[in-house]
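Visitor: Encoded as structure tokens, here's the structure I'll be asking about.
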Amino acid sequence: MSDFSVRRLRSDEERAATDLFRRALHAKEMTDEEWSAIAPSMQPDRGFGAFDQELIGTLRSFDSEVTLPGGGTTPLAAVSLVGVRADRIRRGVLTGLMRAQFEDFAARGVPAAMLHASEGAIYGRFGYGVAVRAKSIEVDRHRARFRPEAPTGGEISLLDLESTVEQWPSLFDALPRTRPGMIARSPHLWPGYERELRRATTPVTTAVHRGQDGVDGYVTYTVERAHFGAPTFLKIQSFHYASPDAFAGLWRYLISVDLVDLITAEKRPLDEPVELLFTDPRHVTVQKIQDEGWLRLVDVARMLDARTYRGEPVVVEVTDPFLEHNSGRYRLSEDGAVRTTDPADLELRADTLSMVYLGGWRPSDLAAVGRVRATGAAALERADLLFGTRVNPWCGTFF
Numbered sequence: 001m002s003d004f005s006v007r008r009l010r011s012d013e014e015r016a017a018t019d020l021f022r023r024a025l026h027a028k029e030m031t032d033e034e035w036s037a038i039a040p041s042m043q044p045d046r047g048f049g050a051f052d053q054e055l056i057g058t059l060r061s062f063d064s065e066v067t068l069p070g071g072g073t074t075p076l077a078a079v080s081l082v083g084v085r086a087d088r089i090r091r092g093v094l095t096g097l098m099r100a101q102f103e104d105f106a107a108r109g110v111p112a113a114m115l116h117a118s119e120g121a122i123y124g125r126f127g128y129g130v131a132v133r134a135k136s137i138e139v140d141r142h143r144a145r146f147r148p149e150a151p152t153g154g155e156i157s158l159l160d161l162e163s164t165v166e167q168w169p170s171l172f173d174a175l176p177r178t179r180p181g182m183i184a185r186s187p188h189l190w191p192g193y194e195r196e197l198r199r200a201t202t203p204v205t206t207a208v209h210r211g212q213d214g215v216d217g218y219v220t221y222t223v224e225r226a227h228f229g230a231p232t233f234l235k236i237q238s239f240h241y242a243s244p245d246a247f248a249g250l251w252r253y254l255i256s257v258d259l260v261d262l263i264t265a266e267k268r269p270l271d272e273p274v275e276l277l278f279t280d281p282r283h284v285t286v287q288k289i290q291d292e293g294w295l296r297l298v299d300v301a302r303m304l305d306a307r308t309y310r311g312e313p314v315v316v317e318v319t320d321p322f323l324e325h326n327s328g329r330y331r332l333s334e335d336g337a338v339r340t341t342d343p344a345d346l347e348l349r350a351d352t353l354s355m356v357y358l359g360g361w362r363p364s365d366l367a368a369v370g371r372v373r374a375t376g377a378a379a380l381e382r383a384d385l386l387f388g389t390r391v392n393p394w395c396g397t398f399f
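Each residue of the sequence shown is one higher than the one before, starting from 1 at the first, in this note's numbering.
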């Protein structure tokens with residue numbers, strides 16, 4: 001391991017750290033104007049840097065909370081801006097940064113972390129696992145026709161860019177975060193969202209749906225065309241709703257927008273039934289399925305006891321090489337989770353536990369590819385039911 005130290009960033013080092021992250025992604029350094037717009041996003045005392053003679057690596061987090069299976073919530077660190085200088089990679093720099101950050105989480109009582117990964121092979125060794133996946137879809141607006149029984153009702157009102165910027169936080173916060181994996185948006189995230197909206201090259205519009213009890217959903221979008229004669233795309237930037245009426249009502253509005261050929265939406269819940277609104281579901285195509293959220297159970301005992309379970313008990317043996325205090329056996333049941341010395345029904349590593357925790361993967365599927373060891377089919381059946389959730393997990397927030 002190279003000779004370097006890791007410490008918390010000072011406020012006057014935040015810009016250099018952000019530029020280092022951008023260079024790691026092959027992006028240009030920020031201008032003064034860009035930094036002034038993004039600086040309010042830097043939550044104080046949440047950034048770390050690795051230093052030898054100078055800054056060689058960085059990461060940071062934002063305070064949040066995450067919805068768990070069963071509807072409860074727990075504190076979460078939303079990890080972001082992770083980067084190591086190209087001439088210092090593979091020298092333990094990221095490992096040192098991760099260890100310092102996990103120690104900080106433990107000291108502050110934060111039991112879980114989530115991140116969006118630029119590369120899929122990096123974070124498993126630190127105990128992160130793909131807990132949330134999402135789909136990107138495309139809808140043929142000209143051919144999609146609603147089924148007669150699709151919900152109707154509610155009213156739509158439109159917001160322009162300035163009104164969207166002003167009302168986005170209150171619109172998001174007013175809607176319940178019902179899916180496992182959904183997170184609260186830190187006030188420090190909104191300046192970044194505003195910056196992205198203002199960078200749009202075509203008008204930004206938000207359609208707000210109001211039901212009998214008030215606002216119950218919204219969708220923000222732009223309409224873009226590469227050149228004259230090319231297809232026109234309505235690109236959904238954000239889509240949240242609290243009821244089937246709002247879900248269907250907003251899609252009815254989107255389909256009604258004239259001079260649009262195709263509607264695209266990225267990183268939507270895997271089980272969101274857009275295609276079932278229409279008489280021919282083939283007019284909705286899934287373009288790709290990808291990982292959306294990597295979860296890390298920093299305090300395994302606390303997190304296992306925080307969610308709900310249904311079905312017969314299972315004893316799980318967890319191996320956590322990076323945070324060894326988490327290793328051990330846990331009895332999971334409808335009464336919660338406790339440490340135990342009973343024989344294990346399942347054996348898995350911390351990253352695999354993170355994958356099944358929110359209900360996005362079945363233990364039996366992971367056993368089929370060697371990620372879970374079980375005493376038999378009966379144990380896997382119990383584990384599938386125990387970890388199962390009513391709806392698929394989804395994050396729905398980029399950070």
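Glycine residues also receive a C-beta, built at the ideal position from the N, C-alpha and C atoms.
#1: Would residue 137 be called buried (16 or more neighbouring beta carbons within 10 Å of its own) or exposed?
#2: Go through its chain and collect everything with a Cβ distance to residue 341's Cβ below 8 Å, but skip five positions before and after it.
#3: DSSP has residue 290 in a bridge; who is on the other side?
#4: In whole angstroms, what is the alpha-carbon distance linking residue 145 and residue 366?
#5: In the structure shown, what three-state DSSP assignment does residue 97 receive?
#6: Helix, strand or coil for residue 1 per DSSP?
#7: Since residue 220 and residue 232 should fall inside the 8 Å C-beta cutoff, what is the C-beta to C-beta distance between them, to a whole number of angstroms?
#8: When the Cα of residue 262 is compared with those of 226, 248 and 104, which residue comes out closest?
#9: Quick check on residue 102: does DSSP put it in helix, strand or coil?
#10: Using 8 Å as the threshold, is the stretch 108-128 in touch with the stretch 159-178, meaning 3 or more CB pairs across them?
#11: Between which two residues does the alpha helix (DSSP H) holding residue 41 run?
#12: Please list the terminal residues of the continuous alpha helix (DSSP H) segment that includes residue 193.
#13: Tell me whether residue 276 is buried or exposed, calling it buried when 16 or more other Cβ atoms sit within 10 Å of its Cβ.
#14: Are the beta-carbon atoms of residue 298 and residue 112 separated by less than 8 Å?
#15: Using only alpha-carbon positions, find the residue among 58, 55 and 46 that is nearest to residue 64.
#16: Three or more beta-carbon pairs under 8 Å between the stretch 253-267 and the stretch 312-319, yes or no?
#17: Do you know how far the Cα of residue 73 is from the Cα of residue 391?
#18: Any idea what DSSP makes of residue 20, helix, strand or coil?
#19: Would you kindly report the start and end of the unbroken alpha helix (DSSP H) that includes residue 256?
#20: Cα separation between residue 1 and residue 91?
#21: DSSP on residue 237, reduced to helix/strand/coil?
#22: When you compare the CB positions of residue 309 and residue 333, do they come within less than 8 Å of one another, or not?
#23: Comparing alpha-carbon positions, which option in 80, 280, 265 and 363 lies nearest residue 236?
Guide: Reading it off the structure:
#1: It is buried - the Cβ of residue 137 has at least 16 other Cβ atoms within 10 Å.
#2: Here the set comprises 329.
#3: Partner(s): 134.
#4: Between the alpha carbons of residue 145 and residue 366 lies a distance of about 39 Å.
#5: Residue 97: helix per DSSP, three-state reduction.
#6: Low confidence applies to residue 1: its pLDDT is 48, below 50, so where it sits in the model is not reliable, and the reading given next is rough at best. Of the three classes helix, strand and coil, the one that applies to residue 1 here is coil, per DSSP.
#7: Contact doesn't hold; Cβ gap of about 18 Å is too wide.
#8: Minimum Cα distance to residue 262 is reached at 226.
#9: Residue state for residue 102 is assigned as helix, using DSSP reduced to three classes.
#10: No, because fewer than three Cβ pairs between the stretch 108-128 and the stretch 159-178 fall closer than 8 Å, the two stretches do not touch.
#11: Per DSSP, residue 41 lies in no alpha helix (DSSP H) segment and is marked neither H nor E.
#12: That run of the alpha helix (DSSP H) goes 190-198.
#13: Exposed is the label assigned to residue 276, since fewer than 16 other Cβ atoms lie within 10 Å of its Cβ.
#14: A contact, by the Cβ cut-off of 8 Å.
#15: Comparing Cα positions, the closest option is 46.
#16: At 8 Å Cβ cutoff, the stretches do not touch.
#17: Annotation: residue 391 to residue 73 spans about 16 Å, alpha carbon to alpha carbon.
#18: Note: residue 20 maps to helix in three-state DSSP.
#19: Secondary structure note for residue 256: its alpha helix (DSSP H) is the uninterrupted segment 244-256.
#20: Since pLDDT at residue 1 reaches only 48, below the 50 mark, its modelled position is unreliable, and the value read off the structure follows with that caveat. CA-CA distance, residue 1 to residue 91, rounds to 5 Å.
#21: If DSSP states are grouped into helix, strand and coil, residue 237 belongs with the strands.
#22: For residue 309 and residue 333, yes; Cβs fall inside 8 Å.
#23: With distances taken between Cα atoms, residue 236 lies closest to 265.
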